[in-house]
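To start, the structure under review is shown below, and the notes come after it.
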Amino acid sequence: MYHGAEPACFYNKSFQIAVGKESLCSKSWHNLHSPALCVLKQLAPETVMKVKVLLSDMSNTFYNSWTSVINPDVNHTICIWHIERSWKAKIKNEDLLSDIQSLRYICNKEKFMAQVDHLQQY
Numbered sequence: 000m001y002h003g004a005e006p007a008c009f010y011n012k013s014f015q016i017a018v019g020k021e022s023l024c025s026k027s028w029h030n031l032h033s034p035a036l037c038v039l040k041q042l043a044p045e046t047v048m049k050v051k052v053l054l055s056d057m058s059n060t061f062y063n064s065w066t067s068v069i070n071p072d073v074n075h076t077i078c079i080w081h082i083e084r085s086w087k088a089k090i091k092n093e094d095l096l097s098d099i100q101s102l103r104y105i106c107n108k109e110k111f112m113a114q115v116d117h118l119q120q121y
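Residue numbers for the sequence shown follow numbering that gives the first Met the number 0, so the first one is 0 and each next one is one higher.
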């Protein structure tokens with residue numbers, strides 16, 4: 000799901016059926032995540048145990064709850080939406096921004112390294 004679609008509200012609305020809350024979206028997701036994760040683990044234990052990577056804004060709050068409530072064997076990485084937002088805020092050269100953004104679409108190691116070398120011109 001695309002970040003701009005308010006995933007926290009999506010998750011909270013999914014949990015409100017189980018926990019009987021009126022609207023969790025108006026409250027902080029991070030304050031409610033442990034009870035919600037307990038419900039999720041009860042509703043779909045096999046599915047949540049398959050999760051191997053959590054994407055977030057690198058706040059440890061959600062990650063810590065996930066590892067304590069559901070599964071400690073999970074990796075945590077930053078969501079591309081947060082990376083893009085940071086790049087757009089900090090990189091004012093449009094050509095440089097475009098060249099950096101192109102890195103995420105390169106699957107070939109040699110092509111990737113060639114693009115990194117190209118970035119040296121800036």
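Quick reminder that beta carbons are idealized off the backbone N, C-alpha and C, glycines included. The structure presented is a predicted model; accordingly, all values stated were derived computationally and were not measured.
Under 8 Å between the Cβ atoms of residue i and residue j?
i	j	result
HIS75	SER55	yes
LYS40	VAL68	yes
LEU42	SER64	no
VAL38	ASN70	no
ASN92	TYR62	no
So the alpha helix (DSSP H) residue i belongs to, where does it begin and stop?
i	result
GLN100	93–101
GLN114	108–118
Worksheet entry | Whole runs of the beta strand (DSSP E) within the stretch 23–78, excluding any shorter than 3 residues | 52–55, 74–77
Worksheet item: Do the stretch 77–95 and the stretch 42–60 make contact, defined as three or more Cβ pairs closer than 8 Å?
Response: yes
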